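Asker: One line per chain: the protein sequences are S and G, in this order. By the numbering used here, the letter at position 125 of the first sequence is numbered 195, and the numbering carries on one by one without gaps. By the numbering used here, the letter at position 280 of the second sequence is numbered 350, and the numbering carries on one by one without gaps. Here a beta-carbon is modelled for each residue, glycine too, at the ideal position from N, C-alpha and C. From a predicted model like this one, the values you see are computed outputs, not experimental measurements.
Number of protein chains: 2
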Amino acid sequence: MIYVGIIGFGVVGSGVAEVIAMNAQKIERHLGQELSVKRILDIRKFDNHPFSDRMTVDPDVFFGDEDISIVVEAVGGVGIAYDYTVRALSSGRTVVTSNKELVSTHGVELMQLSVRCGCSYLFEASVGGGIPIIRPLHRCLAANRIMTITGILNGTTNYILSRMAESEIDFDHALLRAKEKGYAEQDPSTDIEGVDTQRKIAILSSIAMNGAYVDPKEIHTEGISSIGVIDIEYARALGHKIKLLAIFENPNDREARILVAPHLVSSDDPLAVADGVYNAIFVYGNALGGAMFYGKGAGKYATASAVVGDILDGALHRGRNAHITPWYYAETRVVSPFEDKQVKALIRVSGRPDIETIARYFPGTTVDAVPFINEKESAFIVGKEGVLTERELQKAVSNLSGFISKIRIYTSER
Amino acid sequence: MIYVGIIGFGVVGSGVAEVIAMNAQKIERHLGQELSVKRILDIRKFDNHPFSDRMTVDPDVFFGDEDISIVVEAVGGVGIAYDYTVRALSSGRTVVTSNKELVSTHGVELMQLSVRCGCSYLFEASVGGGIPIIRPLHRCLAANRIMTITGILNGTTNYILSRMAESEIDFDHALLRAKEKGYAEQDPSTDIEGVDTQRKIAILSSIAMNGAYVDPKEIHTEGISSIGVIDIEYARALGHKIKLLAIFENPNDREARILVAPHLVSSDDPLAVADGVYNAIFVYGNALGGAMFYGKGAGKYATASAVVGDILDGALHRGRNAHITPWYYAETRVVSPFEDKQVKALIRVSGRPDIETIARYFPGTTVDAVPFINEKESAFIVGKEGVLTERELQKAVSNLSGFISKIRIYTSER
């Protein structure tokens, strides 16, 4: 019998307990023995709950239980979740989590601690919800240099953008719908400002860089709150969709360029298949070529599916590390200045400037006019041919009279 | 230093040697030590080849090398490949392969032998080429009951069907193009008759059934050679594409219904994203919900990517089994009679029979007329509502005067 302890009995914690109960037979066959939730630590009391007999509010009772060999951290945040994780790993217990904030902030210490203590720190559920991506990227693609990763990693923002496109409603109304549906939190800023996506691409980037830690705060990040109905109309007219993309590029195997920002994505692109709360992650490896992982990026049972998958891996590697290459702080710079990245963008300008006027601001690259959406403004695609860096784009639009907005255009890596 | 031996120096075997050389640094970082190809066994001699120094035609020299702890079987087929695999596993060496025929035929014996000998039999590359699917299905989704798997698993047939649709050419011309491109073999029957797909879905099904062996020969299989230009035209008119699908359904967790046959797939379906030589595999787990894996399903380096990924897993689990649940022969029936499966189909009939005439053959289900493509024939969709089993469909069309063809319609499981 393998005993699990769960810290935090919210959506994820209760989902884990329910999936272990629901699929007990399948799990036992896979593991060769039973898996059981022995204790649940939460500051709240749950009376008359099917799991009440296992609940405790006392960390010492929880950690004092020698039967528990695997701990699920489902608290969230980087405060007490960090303390509990350190305590569990230090006692030789494998810790499994979906806590992307903690992994992307303290992953180095926690993974190194797990190796020293002969256990594992596993976090498949931290990116893509139930979609297998951490282990495929780390294990199945281990023979590859990972050249690019492009992901739609946040269900809330993707739902909002999909609703805006389908129902022709503005951002605020789409956000309201997302809240009604339970797809957005009361304070949705972490999602809509791109912070959640930033943490997730930092985790994937660290894996793709063979464990060299990528600090989320170094990632240039733009959210979706400035996207308006007119942007959506331009996207449709051009045969594109607007998606909040996280992009990792590592052409020289030293410094990566990483970006989180809304992009125009061609409707023909495999990534465009991910509408609503779905996620999609496209990975390009130098041996593999391209592969994409797609599915629901969040949800109680989807997340629990990934957490319990990790529990089983931890159980099978009991008494030793489950071969997760521990992250480390690199001595040299890992993330390149984003300003050097080559870009392509749709820019919107008020009035009817002619193409030559615009082209003067963009030497060395092409400017193409886009059919008008209304009489008040014009739009142009810049950077289709020639080289346009992000720095040049920023400089050009800061000088451009009547400039309204820019949105980058994704170039597929298939 | 971990030493690898490769048996068979064709496309896959040489790809493996090249990927190990190309990505040596990445591999060493992952493994914590170097990985090196020590010997290559092939009946042919390769003079003046970069790897000539490691070549041997003598199996005793190859197997006598005590340094080699991991063997890549890249011979193919079920003859000598089986003998070499048994010999390698019996000596405690992990064997890695892309040989779907051998895995789907003798997987039970070979996996059980590997467990007894403290090594592993790994075959990520046998399905989906470089796309991670075996390990994600077996490991990451281990907490799920796998309810359905739907896959486009064969690049050759998918290329042919895509070419027919894009270039409006018939089957024979599309096959010729596939041969010119190197996407079809000189004798393409294993691919176009669905046998390759049958083997691959048998492997995925055995994993989804927790190791209960699924014999490919029990899977109802239809190829694509009867698909004509008119079928493609109907598909387009209905907003669908024709795809050779492998479908596994296991609603009751006892007996699965498995089928390989061409289907109409809605252009909106995530699976429809896989055109040309691309593969896509949609998995539905009872906790996860749906997830899809997409990428190039074949090719020298893509396949080598998966093989070398398995080599690394084998190396990290040296001296023990890498936790692949060994398959077994179940005492009760594992595959249900296919005739009980509920289906929906497009049927083509010569002339202009009215809908009532057709409906008489399909009691208990709906018959919908489809707009005519030409003056010689009509088409109807049967089974949209109500229950139509495969048995009833077969019986109805065998009695139907002027019956031309049927093609099943895929219902998405999202």
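What does G:Leu334 reach in chain S if we use C-beta pairs closer than 7 Å?
Answerer: What G:Leu334 touches in chain S: nothing, since even the nearest Cβ is about 18 Å away.
Asker: State the Cα-Cα distance for the pair S:Val127 and S:Asp112, rounded to the nearest angstrom.
Answerer: 5 Å
Asker: Find the residues of chain G that neighbour S:Pro206, judging by a C-beta separation of less than 8 Å, and give them in chain order.
Answerer: Pro202, Arg205, Pro206, Cys210, listed in chain order.
Asker: Rounded to a whole number of angstroms, what is the C-alpha to C-alpha distance between S:Arg215 and G:Lys96?
Answerer: Between the alpha carbons of S:Arg215 and G:Lys96 lies a distance of about 7 Å.
Asker: Can you tell which of G:Ala212, G:Ala466, G:Ala439, G:Ser106 has its C-alpha closest to the C-alpha of S:Gly31?
Answerer: With chain S represented from 71 up to 484, any question about residue 31 of chain S goes unanswered, as that position is not in the structure.
Asker: When you compare only the Cα positions, how much space is there between G:Ala429 and G:Asp438?
Answerer: 9 Å
Asker: Could you have a look at G:Gln412 and say whether DSSP puts it in helix, strand or coil?
Answerer: strand
Asker: Answer with yes or no whether the minimum CB distance from G:Pro340 to chain S is below 9 Å.
Answerer: yes
Asker: Flag G:Lys366 as yes if its beta-carbon sits less than 9 Å from any beta-carbon of chain S, otherwise no.
Answerer: yes
Asker: Please list the terminal residues of the continuous beta strand (DSSP E) segment that includes S:Met362.
Answerer: 359-366
Asker: Taking DSSP as the reference, what is the three-state secondary structure of S:Tyr283?
Answerer: coil
Asker: Helix, strand or coil: how does DSSP classify G:Tyr73 here?
Answerer: strand
Asker: Tell me which residues of the stretch 347-375 of chain S have at least one Cβ-Cβ distance to chain G shorter than 8 Å, keeping chain order.
Answerer: Considering only beta carbons, the part of the stretch 347-375 of chain S lying closer than 8 Å to chain G consists of Gly355, Asn356, Ala357, Leu358, Gly359, Gly360, Ala361, Met362, Phe363, Tyr364, Gly365, Lys366, Gly369, Tyr371, Ala372, Ala374, Ser375, in chain order.
Asker: Using the Cβ count rule (16 or more neighbours within 10 Å means buried), how would you classify S:Val457?
Answerer: exposed
Asker: For S:Leu329, write down the residues that DSSP places opposite it in a beta bridge.
Answerer: S:His290, S:Ile317
Asker: May I have the straight-line CA-CA distance separating G:Gly309 from G:Pro332, to the nearest angstrom?
Answerer: 16 Å
Asker: Determine the extent of the alpha helix (DSSP H) in which G:Asp242 is found, giving its start and end residues.
Answerer: 241-250
Asker: Take every Cβ of the stretch 355-374 of chain S, pair it with every Cβ of the stretch 233-244 of chain S, and state whether three or more of those distances are shorter than 8 Å.
Answerer: no
Asker: Going by CA-CA distance only, name the one from S:Ser168, S:Tyr283, S:Ser237 that's closest to S:Val148.
Answerer: S:Ser168
Asker: Just list the residues that DSSP pairs G:Met502 with in beta bridges.
Answerer: With chain G covering only 71 through 484, there is no way to say anything about residue 502 of chain G.
Asker: Comparing the C-beta of G:His100 with each C-beta of chain S, is any distance below 9 Å?
Answerer: yes
Asker: Would you call S:Glu136 buried or exposed, if buried means 16 or more other Cβ atoms sit within 10 Å of its Cβ?
Answerer: Flag for S:Glu136 reads exposed.
Asker: Answer yes or no: does any C-beta atom of chain S fall closer than 9 Å to that of G:Ala213?
Answerer: yes
Asker: How would you list, in chain order, the residues of chain G whose beta-carbon sits under 9 Å from the beta-carbon of S:Val457?
Answerer: Result: empty, since nearest Cβ-Cβ is about 29 Å, beyond 9 Å.
Asker: Could you say if the stretch 387-404 of chain G and the stretch 267-285 of chain G meet the contact criterion of at least three C-beta pairs nearer than 8 Å?
Answerer: yes
Asker: Do the stretch 263-279 of chain S and the stretch 289-301 of chain S meet, that is, are 3 or more Cβ pairs less than 8 Å apart?
Answerer: Taking a cut-off of 8 Å on C-beta distances, the stretch 263-279 of chain S touches the stretch 289-301 of chain S, as three or more cross pairs fall below it.
Asker: For S:Ser356, name the three-state secondary structure that DSSP assigns.
Answerer: Reading off the sequence shown, one finds Asn at residue 356 of chain S, where the question assumed Ser. S:Asn356: coil per DSSP, three-state reduction.
Asker: Using a Cβ distance threshold of 8 Å, determine whether the stretch 399-416 of chain S contacts the stretch 97-106 of chain G, with at least three qualifying pairs required.
Answerer: no
Asker: Between the alpha carbons of G:Glu303 and G:Glu319, how many angstroms are there, rounded?
Answerer: 29 Å
Asker: With a CB to CB cut of under 7 Å and the five nearest residues on each side skipped, what residues in its chain are close to G:Lys446?
Answerer: Ser420
Asker: Alpha carbon to alpha carbon, what distance is there between S:Tyr431 and S:Asn469?
Answerer: 8 Å
Asker: Considering only their Cβ atoms, is the gap separating G:Gly367 from G:Leu223 smaller than 9 Å?
Answerer: yes
Asker: Quick one: grab the DSSP three-state call for S:Lys311.
Answerer: strand
Asker: Using only alpha-carbon positions, find the residue among G:Ser406, G:Glu460, G:Ile417 that is nearest to G:Ala326.
Answerer: G:Ser406
Asker: What does the Cβ neighbour count give for G:Asn349, buried or exposed, with the cut at 16 atoms within 10 Å?
Answerer: Looking at its Cβ environment, which holds 16 or more other Cβ atoms inside 10 Å, G:Asn349 is buried.
Asker: Any beta carbon from chain G within less than 9 Å of S:Gln170's own beta carbon?
Answerer: According to the sequence displayed, residue 170 of chain S carries Lys and not Gln. Taking Cβ atoms only, chain G never reaches closer than 9 Å to S:Lys170, which makes this a no.
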